[in-house]
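K.L.:
Sharing a structure below in C-alpha cells format, with a few things to ask.
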Amino acid sequence: MRSCIPEYLPLDRPLIVFDLETTGLATGEDKILEIAYEKILPSGEIMAAVHRINPGRPIPPEASAINGIFDKDVAEAPSFAKLSYELWTMFDGADVSGFNIVGFDLPFLKSEFARVGKSFDFLSKKVIDVKVLYHSKEARDMFAPRNLTAAYKLYCGKDHVTAHTGAGDVRATVEILEEQLKRYPEFCNWQVIAELHGKKELLESAKTEHAPVVTKPAGTLF
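Given below as C-alpha cells:
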C-alpha cells in the first residue's frame, strides 16, 4: 500500500498517522486500549499496524459501546508498559498526524508514556492535525458537524462505515489528508501548516465539533 502524500508534501522523515481508542476521555486518568497507525515513508510506502493494550482495569460499558472493545478482547494483550519501548522507538525520528490529535491523542499518549517514566517530546516533531486543516477551510456553519465522519464525506465522498475502529479511523484520516493536499495547494507547505497549528483560537475550535472558527494571534500548541 502506498500514499500520494509525499508527492504533495515532501517528507524528510516518516509521517505516522495514528489513532487511539481509550477507556474514556480523561487524560491522565483513562487508559489506552488500542493504538492504530499508518507509517508513511518518504517514498510513499505505508507500514500499518494495530496494537491492542490491556488497561489493567475493567473497560467501562459506555466506552465499549463506542469503540467495540471489551474486556475479553484485551485480556491477553500486553500492558502499555510492556509495549512502551516498541512504541517509543516507532515514534522516534518521525513526524505525526491524525484527526484531533492536538486535542486528544497527543496529550493522551504523552500522559501514558509519563506513567511509565518515559518523556515523549512532541514539540520536536512536525504535527499535522487533519481536523485543524479541516476547520481552517470548511468551518462555515457553526451548527454543522465537523467531525471525522463529516470530513470523510466532504473530502472523499464516502460514508465512514468503520468509525471508532482504530484502523478505520486512521485509513479515513490518511485519505482525507491526501484530498486536502490536492484541493488546497497552500497546505503543501510545512510553514503554512505550522502557522495554522500556532493559532490558538483555531486549535480551540478543532477540539469541538461545532464552535465557529475565529482567527487570532498565534498561541501555543500544547
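Just so you know, we're using our numbering here: the sequence shown kicks off at 498 and counts up by one. For glycine and all other residues, C-beta sits at the position ideal for the given N, C-alpha and C.
1. State buried or exposed for T670, treating a residue as buried only when at least 16 other CB atoms are found within 10 Å of its CB.
2. Any idea what DSSP makes of R510, helix, strand or coil?
3. So within the segment 599-670, which uninterrupted alpha helix (DSSP H) runs reach at least 4 residues, ignoring any that extend past its ends?
4. Using the beta-carbon count (16 or more within 10 Å), is Y631 buried or exposed?
5. Mind checking whether E535 and E518 have CB atoms under 7 Å apart?
6. As a quick exercise: from R680, C653, M498, E683, pick the residue whose alpha carbon is nearest that of S540.
7. Whole angstroms is fine: what's the gap from L693's alpha carbon to N686's?
8. Output needed for I513: all residues of its chain with C-beta closer than 8 Å, excluding positions within five of it in sequence on either side, in chain order.
9. By Cβ distance, which residues of its chain are closer than 7 Å to V547, with the 5 residues on each side in sequence left out?
10. Starting from S561, trace the alpha helix (DSSP H) in both directions and tell me its first and last residue.
11. How is I532 classed by DSSP in three states: helix, strand or coil?
12. Nearest to T659 by alpha carbon, out of G565, G525, G521?
13. To the nearest angstrom, how far is it from the Cα of K679 to the Cα of Y505?
14. Going by other Cβ atoms of all chains shown within 10 Å of its Cβ, with 16 needed for buried, is P682 buried or exposed?
15. Run through DSSP, which three-state label would M587 get?
16. Classify R668: buried if its beta carbon has 16 or more other beta carbons within 10 angstroms, exposed otherwise.
17. For my contact list, I502 and E675 are in at a C-beta cut-off of 8 Å; report their separation, rounded to the angstrom.
18. Less than 7 Å between C-beta atoms, sequence neighbours within five positions excluded: which residues of the same chain meet that for T646?
19. Is the distance from the Cβ of P552 to the Cβ of K569 below 7 Å?
20. Checking 7 Å against the spacing of the C-beta atoms, do I550 and F577 come in under that value?
21. Expressed to the nearest angstrom, what Euclidean distance is found between the alpha-carbon atoms of S581 and V613?
22. What does the alpha-carbon distance come out to for the pair F610 and P642?
P.N.:
A quick look at the data gives this:
1. buried
2. DSSP places R510 in coil when its eight states are reduced to three.
3. 603-612, 627-635, 645-653
4. buried
5. Going by C-beta atoms, E535 is not nearer than 7 Å to E518.
6. M498
7. 11 Å
8. Y534, E535, K536, I537, M587, F588, A591, D592, V593, S594
9. Cβ neighbours of V547 beyond the five flanking positions: E531, A533, G663, A664.
10. 558-564 is the extent of the alpha helix (DSSP H) around S561.
11. strand
12. G565
13. 7 Å
14. exposed
15. helix
16. buried
17. 6 Å
18. H657, A660
19. No, Cβ-Cβ distance for P552 and K569 is not below 7 Å.
20. yes
21. 8 Å
22. CA-CA distance, F610 to P642, rounds to 32 Å.
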